[in-house]
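Asker:
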Amino acid sequence: MPTAVFDGWAAGDRQSNCAGDGNSKKATTFLATFVCVCAKDTANTADGSKACTGTALTQDWTGANANPSERLVLELVQLCNRHHTTKLTAADLRWRINLVTELITYESAAYFGTHIKGQCNGSANAGICVKYTTLARAAKAPTEAILWLKDLSDLAAKLEDHEAATLKLKRINEAIQTKAKAAAHLAHMAKQAAKTELDPTTTGQSKPAVAKEDCSNHKDNATCKEKGCKWEENSSDKSKGTCKHEGGEGQTNTAGGTGAGGASDTEAKSAPIRKKQEDCKDGCKWDGKECKDSYILVNKKFNLSISAAFMSFVAF
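Numbered by full-length UniProt numbering, the letters in the sequence shown go through residues 1 to 316 in order.
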């Protein structure tokens, strides 16, 4: 337990020791202030021994050329709630500092505690207090003139900076997590779109037909049948004939072949020529006004989804 309570050597009396500023700056710490305001004085054994507690203290302090005894300091410290744990925040510390400064009274000097006739010597006709001459008529802020309050105020400022940096870091981490989720969603959508493009059934389009054998190229019966075609003999000359497809005449179109006017089967069935909703079939979809290829609609929706996901990824 500390016993060297006052700055430098203890002064000759309590009045000199309990000066918080000026030439005899002694009570510069919270503990010294605590002793000046609460310690029982040998010159005042009545109510002066109950300044900070309802029960009279037992340890006396003369204040004459001596720091308080270890037993006196221990008795005072036991008045504090030392077993309660508090999470210190800048706001809480500022609040506690304000509570202390509100207890300071201002006259020809400033006083923390109770005084009579401007004295803090602990006697019955004076007072138990700490005197601050430089705070006369509130000339300065207490957090500037009282050293231990200034230290606490500086600590509160550092806590405010720390809390602001911690909050900023938290928001950065939240933004990183949000963008990571957006990126994962974007990758999933791209993967699904790739599957849609590779599998025409997902767009409602038919798979292209496999090209059939060109039977008309075969000029004899044996080759024609070997290729899975049908041989039709010439009625007038049995050695001649025509090689055709089973169930049809001549060569059928290959995949993506042309229909009337040189247009492909897909083009022949293209959506724009279907003016009515009931005719919009075969891999096409009605979008409310006209018939469109379902593959185009799927790509359009995907592109819109990609754009939305990208904007959510970059926006912060």
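Beta carbons are placed, not taken as given, at the ideal position from N, Cα and C, and that holds for glycine.
Everything numeric in this text was worked out from a predicted model, so none of it was measured.
#1: Taking the alpha carbon of residue 32 as the reference point, which residue from 42, 41 and 20 has its own alpha carbon closest?
#2: Quick one: Cα of residue 27 to Cα of residue 69, how far?
#3: Using 8 Å as the Cβ pair cut-off and three pairs as the minimum, do the segment 120-129 and the segment 172-188 touch?
#4: Under 8 Å: do the segment 153-162 and the segment 79-91 share three or more Cβ pairs, one atom per stretch?
#5: Once you ignore the five residues that flank residue 136 on each side, which residues in its own chain have a CB closer than 8 Å to its CB?
#6: Reducing DSSP to helix, strand and coil, say where residue 174 ends up.
#7: Smallest Cα separation from residue 34: which of 223, 12, 78 and 218?
#8: Rounded to the nearest angstrom, what separates residue 168 and residue 180 at their Cα positions?
#9: Tell me residue 6's beta-bridge partners as DSSP assigns them.
#10: What does residue 112 pair with, by DSSP beta-bridge criteria?
#11: Mark residue 131 as exposed unless 16 or more other C-beta atoms lie within 10 angstroms of its C-beta, in which case mark it buried.
#12: Starting from residue 117, follow the beta strand (DSSP E) in both directions and report where the run begins and ends.
#13: Taking DSSP as the reference, what is the three-state secondary structure of residue 144?
#14: Does DSSP put residue 136 in a helix, a strand or coil?
#15: Please report the straight-line C-alpha distance between residue 159 and residue 92, rounded to a whole angstrom.
#16: Between which two residues does the beta strand (DSSP E) carrying residue 243 extend?
#17: Here's the rule: buried if 16 or more other CB atoms are within 10 angstroms of the residue's CB, otherwise exposed. What is residue 237?
#18: Check the C-beta distance from residue 149 over to residue 97 and give it rounded, since I have them as a contact under 8 Å.
#19: Which value, in whole angstroms, describes the spacing of the CA atoms of residue 218 and residue 224?
#20: For residue 241, which residues in the same chain have their Cβ closer than 6 Å to its Cβ, ignoring the five residues on either side in sequence?
#21: Just curious, the alpha helix (DSSP H) that residue 226 is in, first and last residue?
#22: Taking residue 317 as the reference, give the member of 243, 72 and 15 with the closest Cα.
#23: Residues in the same chain with beta-carbon distance under 8 Å from residue 5, minus the five sequence neighbours each way, listed in chain order, please.
#24: Just verifying my parser: in three-state terms, what is the DSSP assignment at residue 233?
#25: Let's see if you can read the secondary structure: which residues bound the alpha helix (DSSP H) around residue 16?
#26: Would you mind reading off the limits of the alpha helix (DSSP H) that contains residue 38?
#27: On the DSSP bridge assignment, give the partners of residue 21 in chain order.
#28: According to DSSP, is residue 151 part of a helix, a strand, or is it coil?
#29: Assuming residue 50 contacts residue 43 (C-beta within less than 8 Å), just tell me the rounded distance between them.
#30: Between the C-alpha atoms of residue 291 and residue 190, what's the straight-line distance to the nearest angstrom?
#31: If we count the other Cβ atoms within 10 Å of its Cβ and call it buried at 16 or more, is residue 38 buried or exposed?
#32: By DSSP, does residue 260 sit in helix, in strand, or in coil?
Answerer: On the basis of the coordinates in this document:
#1: When the alpha-carbon of residue 32 is set against those of 42, 41 and 20, the nearest one is in 20.
#2: If you take the alpha carbons of residue 27 and residue 69, they lie about 16 Å apart.
#3: No, because fewer than three Cβ pairs between the segment 120-129 and the segment 172-188 fall closer than 8 Å, the two stretches do not touch.
#4: Judged by Cβ distances under 8 Å, the segment 153-162 makes contact with the segment 79-91, as three or more pairs qualify.
#5: Only residues of its own chain outside the window of five on either side were considered, and among them 106, 107, 108, 109 and 110 have a CB closer than 8 Å to the CB of residue 136, listed in chain order.
#6: Helix at residue 174.
#7: For residue 34, the nearest C-alpha among the options comes from 78.
#8: Cα to Cα, the separation comes out at about 18 Å.
#9: According to DSSP, which records beta bridges pairwise, residue 6 is partnered with nothing at all.
#10: Answer by DSSP bridge pairing, in chain order: 104 and 130.
#11: Per the 10 Å Cβ criterion, buried.
#12: In the DSSP assignment, residue 117 falls outside any beta strand (DSSP E), carrying neither H nor E.
#13: Collapsing the DSSP output to three states places residue 144 in a helix.
#14: In the displayed model, residue 136 falls within a helix according to three-state DSSP.
#15: The straight-line gap from Cα to Cα measures roughly 10 Å.
#16: Residue 243 -> beta strand (DSSP E) spans 241-244.
#17: By the beta-carbon neighbour count (other beta carbons within 10 angstroms, threshold 16), residue 237 is exposed.
#18: Confirmed, Cβ separation roughly 6 Å.
#19: Taken atom to atom, the span from the alpha-carbon of residue 218 to that of residue 224 is near 5 Å.
#20: Correct list, in chain order: 231, 232, 233 and 234.
#21: Per DSSP, the continuous alpha helix (DSSP H) segment holding residue 226 begins and ends at 221-226.
#22: Lying outside 1 to 316, the shown extent of the chain, residue 317 is not represented and no answer is given.
#23: Take residue 5, set aside five residues on each side of it, and the residues of its chain with a beta-carbon closer than 8 Å to its own are 29, 31, 32, 35, 67, 68 and 73, in chain order.
#24: Secondary structure at residue 233: strand, using DSSP grouped into helix, strand and coil.
#25: Here the alpha helix (DSSP H) through residue 16 covers 14-17.
#26: Note, residue 38: alpha helix (DSSP H), 30-38.
#27: Residue pairing for residue 21: DSSP places it in no beta bridge.
#28: Note: residue 151 maps to helix in three-state DSSP.
#29: Actually they are not in contact, since the Cβ atoms of residue 50 and residue 43 sit about 15 Å apart, beyond 8 Å.
#30: Between residue 291 and residue 190, the C-alpha separation is close to 26 Å.
#31: Buried: at least 16 other Cβ atoms inside 10 Å.
#32: Its pLDDT being 41, under 50, residue 260 is placed unreliably in this model, and the value from its coordinates should be taken loosely. In the structure shown, residue 260 falls within a helical segment according to DSSP collapsed to helix, strand and coil.
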